[in-house]
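Only one structure is covered here, and it is reproduced in the block below.
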Ligand code: ADP
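In our numbering, the protein residues as written are -1 to 216.
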């Protein structure tokens, strides 16, 4: 996976060197080198992040955090992109006391990643709903449930088992069609597991997907 962008960079450098007199060609090569380098950097950062988490070297800062602040961040990042794609974006804040326990940076990372996927895999004029909900069960303390729902392309049953594994993507040629590294959800799952929680997906091909996880309430 790291070899693909690296080979592109080496190949494009060779082509540029062989065509120094053709400025258009050189510029085209530099553009490709730039985008491959960006992709490679994302990949390296994700791999480092994942290996840090997997080796237990990730330190979680577990403190109380403001749900409003996190919701505002998701709204701020998502709204311009959903507007641009003409997607209806709804953010439901169904909680009374807006406090939850966990690692704020890591929680934002998870939400942005999953909401970013929803954006990527939902067609124009579609709909994405992020719901942050206080839930109660008989003998357990109150919890905060995070749900990210879209009416995009959906994920087959078979693929639902794979997508939380590093480098796995759904479908035949997801990476050439939609880009990505297949590392985002693996990282999300590791962070959620480190909080002693789980993440689930409910999805139907052609109908949409919903990702759900919970955190203890302060
Ligand atoms: P990436 O998006 O970088 O490929 P992820 O680990 O975030 O990696 O996601 C893995 C795969 O799961 C995606 O490539 C895609 O096939 C599938 N997937 C994730 N979220 C959605 C979604 N909301 N709708 C459809 N497919 C999804």
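Think of the CB as a built atom: it goes at the ideal place given N, C-alpha and C, for glycine as much as any other residue. This one's a predicted model, so the numbers in the text were calculated from it and none came from an experiment.
Counterpart residues of residue i in DSSP-defined beta bridges
| i | result |
| --- | --- |
| residue 213 | 142 |
| residue 100 | 61 |
| residue 86 | 125 |
| residue 91 | 130 |
Any non-hydrogen atom of the ligand ADP within 8 Å of residue i CB
| i | result |
| --- | --- |
| residue 131 | no |
| residue 152 | yes |
| residue 30 | no |
| residue 215 | no |
| residue 17 | no |
| residue 179 | yes |
| residue 118 | yes |
| residue 168 | yes |
| residue 9 | no |
Member of the options whose CA lies at the smallest distance from the CA of residue i
| i | options | result |
| --- | --- | --- |
| residue 119 | 32, 61, 207 and 28 | 207 |
| residue 109 | 81, 168, 75 and 82 | 75 |
| residue 132 | 151, 106, 91 and 113 | 91 |
| residue 177 | 48, 163, 186 and 167 | 167 |
| residue 64 | 96, 189 and 198 | 96 |
Bounding residues of the alpha helix (DSSP H) (the contiguous stretch that carries residue i)
| i | result |
| --- | --- |
| residue 41 | 21 to 52 |
| residue 187 | 182 to 192 |
| residue 125 | Run containing residue 125: none in the alpha helix (DSSP H); it sits in the beta strand (DSSP E), 125 to 133. |
| residue 259 | This structure leaves residue 259 out entirely; the chain is present only between -1 and 216. |
Endpoints, beta strand (DSSP E) assigned at residue i
| i | result |
| --- | --- |
| residue 179 | No beta strand (DSSP E) holds residue 179; DSSP gives it neither H nor E. |
Give a yes or no on contact between the region 69 to 77 and the region 34 to 49, applying the rule of three or more CB pairs nearer than 8 Å. Contact between the region 69 to 77 and the region 34 to 49 is absent, because fewer than three Cβ pairs lie under 8 Å.
Check whether the region 144 to 161 and the region -1 to 10 touch, using three or more Cβ-Cβ pairs below 8 Å as the test. Flag = no, the region 144 to 161 and the region -1 to 10 do not touch.
Any 3 or more C-beta pairs closer than 8 Å across the region 102 to 116 and the region 174 to 188: Remark: three or more beta-carbon pairs, one from each stretch, lie closer than 8 Å, so the region 102 to 116 and the region 174 to 188 are flagged as touching.
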